[in-house]
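**Student:** Chains as they are written, first to last, in the numbering used here: chain A, 1 to 286; chain B, 1001 to 1417. All residues carry an ideal CB built from backbone N, CA and C; glycine is no exception.
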Amino acid sequence: MLENVVTFAFDILSFTSVMVLIVLGLGVIASMMGIFNFAHGEFVLLGGYTAFLTQDAGLNPWWGIVLAPLIVGLIGLLLERSVIQKFYATPIIAMLGTYAIGLVIREIIRSLLGGHYKSVSEPWPGFFTVGRLDFSIWRTLIIAITVSVIIVSWLLLTKTAIGLRIRGSLENPMLARACGISTGQLYALTFAYGSALAGLAGALIVPLYQLSADMGLRFLVQGFLSVMLGGVGTFEGPVVGAAAVGALAASLPWLVLPVLADPLVFLIALAFVKVRPQGFVGKGRT
Amino acid sequence: MSQEYATQRQSGGVTRRRFLTGASALASAGWVAGSAGGWLLRPERASAATPIKVGIATDITGALAPFGNANWQVAQFVVTEINQQGNILGQPIELRLEDTASDPKVAIGNVRKLIQEYRADVVLGGITSAMRQAIKDPIVNRGRTLYIYPQLYEGQECTKHLYCTGPTPAQQCDELIPYLIKKQGRKRFAMPSANYVWPQLLNKYARKVIEAHGGEVVFEEYYPLDQPEYSATIAKIRVGKVDCVFNTIIPPGLQPFVKQLYESGFQRDGGMISCLYYDENLLNYHPAQEMDGLFSCLDYFQSIKDPFSEGLQERYNKMFPGTKYLFTAGVASTGMYRGIKFYEAAVKATNGDLSREAVSAAIDKATLASGPGGGAQMVPGKMHCKMNMYVARCKAEGNKTHYDIIGKYDMVDPKEC
């Protein structure tokens, strides 16, 4: 019995990490720049597609993990400089605009895949054994990478000079500009960083799922719920929100009919947001 | 070709988008865009006889494109062979395609074109049950046209003049489940399923067969089609000491489930998976080791060794070299083959009378001596056909997988209507 509890807990933890990993990039962009990137799911998809291409080309699959954040980050940077920077003043238009970008990416990938699903194998397959229990190495690695990415991002934001400037621009963009900080450049960097995180997430999780054009779409709604639940405007908020949504989504089907689990996650989250509109983690950082 | 190009330019009805969408599917020579959208294959040799008009309505674009394109290629393949072998009683077949776009709302309008403009003598196609339900009314009732549905499905379609040429739940379960219980010693079944009509009705039938043979269903659960996470399901399988997973989860929810099940050590501890729609296409959807030992039951597998099926496969691959759309049972290739062949047999029986009542009465008694996996025989008055069924087991060797045929069952009854 104890074994079952431990493996179930591990499975929940592993899915929670996947959620957090996906939401990180979304949260960084939403909190730091004040726009919701509806193309985030497709950035995740692009990361997965990069991993698939490296596998297809016969390269060492680790290249996929390394290249995905670089390539998707670069795509994010180009998109920010060309299109997205025009949306900052109008967050609603930004949602529609990024959604359109996402749609274009999704349909291009769909035609490249011919509508098929593709399997991408783990760079490090197999299990390790503790006592009588087996754990998937790749899922464990995802948990570890998620924790390290959170720590690195947090340090970057709170302990470095660039983090200070980002926080300053977030607090008061006018004053930041007056102090000689190029907020435009900072936003571009932040957007590229958020995109790179999405690319990394895509390459890491694609072995757990199938590569298909709709891969990012299924996480998008849960991702937004996480950001809302955790609270916009902080780094920790979306992370905590994603952890809550991931754990709920994975464990609820044990208690209720699986088809009810998804709506129930929404109900719980909406009820919570009603009671505590600022989310788990209060207001912006002080 | 040039004359047909002229037709196309005059009509102006072909949009650039439609042209691009269809062009890839229509690489083979002789195909031209029809006068009002859709695609038309005229018989190669000019003939005085008026052609028999066969309409194909299938999902060329959208989520079900891999199925629809396979169906369309099979239709071209079969019709080209019939025309090369001297037509039906001297009358050549003309094929016309309309895209149902994986969307019943779009489909209805396009299918009406097949009936009202093109005046097809028979329509074949549809993959999902939702699509069949949507297009059967414009074809069979209001359109007064014969309709043949090629895909394996959940049964219970008993509309007059609508013939189903794919396997039914009885054909897929009646041999496989007793085999799993008696020969493989399976007792405790789990039924994880996607939440739509096929799994629900199939499970209802399968549960009866399982219980009649002394097995037990530990749980039957339905998930959203794109559920990415199955921790709770895996835990239930473990706690419930399930020894056979009877899976009806479909992509995109399928792959994470199979992976999590594999990672949980289910197969290594002696568990088995069976899945009724697994064909050669699905082999590429998972890493080989996750597929090893999976049981499927279909009317045809590429590893079947009979000269007719092997010849068919070879000629199909020759007509579409390197195609992404394989000739397999799970994507209704076999049902499409049978459908057109049944129609051919029926028109021969009526001596060229193409009226719906006459052809329908002839199909009702039609028999095919040969086909992929063997012949087929319509059960009179039942609109479904008897066919050979095969139980197969997936075998992984390195990174490659194939199906080993475990058992062949002759002329299994569809038990419908």
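Give me the subset of the region 1280-1303 of chain B whose CB atoms are less than 7 Å from a CB atom of chain A, sorted by chain position.
**Tutor:** So the close ones are Asn1284, Tyr1285, His1286, Pro1287.
**Student:** So B:Val1209 packs on B:Phe1189, CB below 8 Å; how close in whole Å?
**Tutor:** That belief does not hold up - the Cβ atoms of B:Val1209 and B:Phe1189 are roughly 10 Å apart, past 8 Å.
**Student:** Does B:Val1412 come out as helix, strand or coil in the three-state DSSP assignment?
**Tutor:** strand
**Student:** Which of helix, strand or coil does DSSP assign to B:Ile1052?
**Tutor:** strand
**Student:** How far does the beta strand (DSSP E) with B:Val1245 in it reach, from first residue to last?
**Tutor:** 1244-1247
**Student:** Indicate whether A:Tyr209 and B:Gln1260 have their beta-carbon atoms separated by less than 7 Å.
**Tutor:** Contact flag unset, no.
**Student:** Taking just the CA atoms, how far does A:Gly237 sit from B:Phe1067?
**Tutor:** 44 Å
**Student:** What's the gap between the Cα of B:Gly1166 and the Cα of B:Tyr1390?
**Tutor:** 14 Å
**Student:** Taking 7 Å as the CB-CB limit, is A:Arg218 close to chain B?
**Tutor:** Yes, contact with chain B.
**Student:** Identify which residue in A:Val273, A:Val5, A:Ala198, A:Gln55 has its Cα closest to the Cα of A:Glu42.
**Tutor:** A:Ala198
**Student:** Touch check for the region 1092-1111 of chain B and the region 1391-1400 of chain B: three-plus C-beta pairs under 8 Å?
**Tutor:** no
**Student:** From what residue to what residue does the alpha helix (DSSP H) around B:Asn1083 run?
**Tutor:** 1065-1084
**Student:** Tell me which residue opens and which closes the alpha helix (DSSP H) that A:Phe52 is part of.
**Tutor:** It spans 40-56 - the alpha helix (DSSP H) in which A:Phe52 sits, taken as one unbroken run.
**Student:** Can the beta-carbon of A:Gly76 be found less than 7 Å from the beta-carbon of A:Ser195?
**Tutor:** yes
**Student:** Alpha carbon to alpha carbon, what distance is there between A:Met32 and A:Gly168?
**Tutor:** 10 Å
**Student:** Applying the criterion that 16 or more other CB atoms from any shown protein chain within 10 Å of the CB defines a buried residue, is A:Met174 buried or exposed?
**Tutor:** exposed
**Student:** Can you confirm whether B:Val1242, when its beta carbon is compared against all beta carbons of chain A, has any partner nearer than 7 Å?
**Tutor:** no
**Student:** How would you label B:Trp1031, buried or exposed, when you count the other beta carbons within 10 angstroms and need 16 or more for buried?
**Tutor:** Here the model assigns B:Trp1031 a pLDDT of 48, short of 50, so the residue's position is not dependable, and the following value carries that caveat. Result: buried.
**Student:** Got a sec: is the Cβ-Cβ distance from A:Pro258 to anything in chain B below 7 Å?
**Tutor:** yes
**Student:** Judging by CA-CA distance, which residue of B:Asp1226, B:Ser1360, B:Ser1231, B:Gly1352 is the nearest neighbour of B:Leu1089?
**Tutor:** Nearest of B:Asp1226, B:Ser1360, B:Ser1231, B:Gly1352 to B:Leu1089, Cα basis: B:Gly1352.
**Student:** How would you list, in chain order, the residues of chain A whose beta-carbon sits under 8 Å from the beta-carbon of B:Thr1233?
**Tutor:** Pro253, Pro258
**Student:** Between the Cα of B:Asn1388 and those of B:Glu1344, B:Ala1329, B:Tyr1343, B:Pro1252, spot the shortest distance and give me the residue it belongs to.
**Tutor:** B:Ala1329
**Student:** Within this structure, are the beta carbons of B:Ala1361 and B:Asn1071 separated by less than 7 Å?
**Tutor:** no
**Student:** From the DSSP output, in three-state form, read off B:Asn1203 for me.
**Tutor:** helix
**Student:** Apart from the five residues just before and just after B:Leu1114, which ones in its own chain have a Cβ nearer than 7 Å to its Cβ?
**Tutor:** Gly1055, Ala1057, Arg1096, Glu1098, Ala1120, Val1123
**Student:** Under 7 Å between the Cβ atoms of A:Phe266 and A:Ile22?
**Tutor:** no
**Student:** Out of curiosity, what's the CA-to-CA distance linking A:Phe280 and B:Trp1198?
**Tutor:** 42 Å
**Student:** Within the 7 Å Cβ cut-off, does B:Tyr1316 reach chain A?
**Tutor:** no
**Student:** For the beta strand (DSSP E) that contains B:Arg1096, what are its first and last residues?
**Tutor:** Unbroken beta strand (DSSP E) run through B:Arg1096: 1093-1099.
**Student:** If the cut-off is 9 Å on Cβ atoms, which residues from the region 1054-1066 of chain B count as contacting chain A, listed in chain order?
**Tutor:** Hits within the stretch, in order: Thr1061, Gly1062, Ala1063, Leu1064, Ala1065, Pro1066.
**Student:** Which residues share a DSSP beta bridge with B:Phe1219?
**Tutor:** B:Ala1190
**Student:** Given a threshold of 16 other Cβ atoms within 10 Å of its Cβ, counted over all protein chains shown, does B:Gln1227 qualify as buried or as exposed?
**Tutor:** buried
**Student:** Spell out the partners DSSP gives B:Met1378 in its beta bridges.
**Tutor:** B:Cys1385
**Student:** Within 7 Å of any Cβ in chain A, is that where the Cβ of B:Glu1263 sits?
**Tutor:** yes
**Student:** Can you tell me which of A:Trp254, A:His116, A:Ala243 puts its alpha carbon nearest to the alpha carbon of B:Ala1235?
**Tutor:** Selected option, being the one with the closest Cα: A:Trp254.
**Student:** Tell me where the alpha helix (DSSP H) around B:Ile1135 begins and ends.
**Tutor:** 1129-1136
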